[in-house]
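Using the numbering used here, you'd call the opening residue of the sequence shown number 193 and step up by one each time. Cβ atoms here follow ideal geometry from the backbone N, Cα and C, with glycine treated the same way.
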Amino acid sequence: MRRVGFTTTIPVEIIFAAGAVPVDLNNIFITHPARREMVQKADLDGYPRNICWWIKGIYGVVLKEGIKEVIAVMQGDCSNTHALAETLMERGVRVIPFSYPYDRDKNLLRREMEHLAEALGVKSWEDIVEWKRRLDEIRRLAHEIDRLTWEENKVTGFENHLYLVSTSDFEGNPDEFERKLMGFIEQAKKRPPLNKKIRLAYIGVPPIFGDIYDIIEEYGARVVFNEVQRQFSMPFRTD
193 MRRVGFTTTI PVEIIFAAGA VPVDLNNIFI THPARREMVQ KADLDGYPRN
243 ICWWIKGIYG VVLKEGIKEV IAVMQGDCSN THALAETLME RGVRVIPFSY
293 PYDRDKNLLR REMEHLAEAL GVKSWEDIVE WKRRLDEIRR LAHEIDRLTW
343 EENKVTGFEN HLYLVSTSDF EGNPDEFERK LMGFIEQAKK RPPLNKKIRL
393 AYIGVPPIFG DIYDIIEEYG ARVVFNEVQR QFSMPFRTD
């Protein structure tokens, strides 16, 4: 199956409409047991040591996983993505640029999406719209997990992080991911509420250290709001 990686969240419906499997390279990197080696690979290949681990990790993931196509968000994300794109192209990876307009212009964003669809070989815009309808059904399940976190106190900060961040690519299999969410919700609703009195919000880039939530809970607090992960799930009304 054709796999298409991407450097940060994008309109993933376009990849599904192209008949490909989306791969959020950040998620692969942060959950990979050899992530330190991936960073070291980037160092050995000439990346400056002061460039962030995320960029180096994405570079390592693409090479290790043999991903041949990558959508690089060149505007509206990390400026080091330009260097990442250049080095990946030197390695024979097809890099497809995508940009979020700085002024949030709807027409410019639509054109960017159309260019991306053309580059990936999507047959019609209706295919994308149909995928939007399908994925929104799954996103609503993620929203319920989020509600169970902050309102009913039945979901941990890490669980909230895990399921919401995965809506960036639906783990490459929307049907299986939907079943996973439904099973988790059924289980979580039966739990007694967590009794941590200090409720925290985690603002910014998802953590590179997976145990941060456990450490917070050891000190009597709990994360009930993961900002960026929640945005991945598109919690507001969208066209």
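Can you tell me where the beta strand (DSSP E) with alanine 226 in it begins and where it stops? No beta strand (DSSP E) holds alanine 226; DSSP gives it neither H nor E.
Limits of the beta strand (DSSP E) - the one that asparagine 299 falls within: Per DSSP, asparagine 299 belongs to no beta strand (DSSP E); it is in the alpha helix (DSSP H), 298-312.
Any idea if glycine 211 is buried or exposed, counting beta-carbon neighbours within 10 angstroms, 16 or more meaning buried? For glycine 211, the number of other beta carbons within 10 angstroms of its own is below 16, and it is reported as exposed.
Of the listed residues Asp431, Glu370, Ser360, nearest to threonine 201 (C-alpha basis): Answer by Cα proximity: Ser360.
Would you call the CB atoms of isoleucine 330 and tyrosine 355 closer than 8 Å? Contact: no.
Tell me the DSSP secondary structure of phenylalanine 376 in three-state form. helix
Does the count of Cβ pairs from the region 290-298 and the region 236-244 closer than 8 Å reach three? Contact between the region 290-298 and the region 236-244 is absent, because fewer than three Cβ pairs lie under 8 Å.
If you draw a straight line from the alpha carbon of valine 204 to that of alanine 264, how long is it in whole angstroms? 13 Å
Quick test of your reading: arginine 414 and arginine 383, contact by CB under 8 Å. State the CB separation rounded to the nearest angstrom. In fact, because the Cβ distance is near 13 Å, the residues do not count as touching under 8 Å.
Which term fits phenylalanine 401, buried or exposed, when burial requires 16 or more other beta carbons within 10 angstroms of its beta carbon? exposed
Can you check which of these residues, Pro366, Tyr411, Asn218, Val416, is closest to alanine 393 by C-alpha distance? Val416
Report the rounded CA-to-CA distance for aspartate 431 versus phenylalanine 350, giving the unit in angstroms. 30 Å
Candidates Val420, Lys389, Gln423: which alpha carbon is nearest isoleucine 434's? Any answer about residue 434 is impossible in this case: the structure gives the chain only from 193 up to 431.
Just to confirm before moving on: does the CB-CB distance between alanine 309 and isoleucine 220 stay below 8 Å? no
Chain-order list of residues whose beta-carbon lies under 7 Å from that of alanine 311 (same chain, five-residue window excluded): Ile288
Does the separation of the CB atoms of leucine 373 and asparagine 345 fall below 8 Å? no
Under the three-state DSSP convention, the category glutamate 322 falls into: In this structure, DSSP gives glutamate 322 a helical state, which the three-state scheme calls helix.
Phenylalanine 376 versus glutamate 363: straight-line alpha-carbon distance, rounded: 15 Å
Mind checking which residues open and close the beta strand (DSSP E) that includes alanine 264? 261-267
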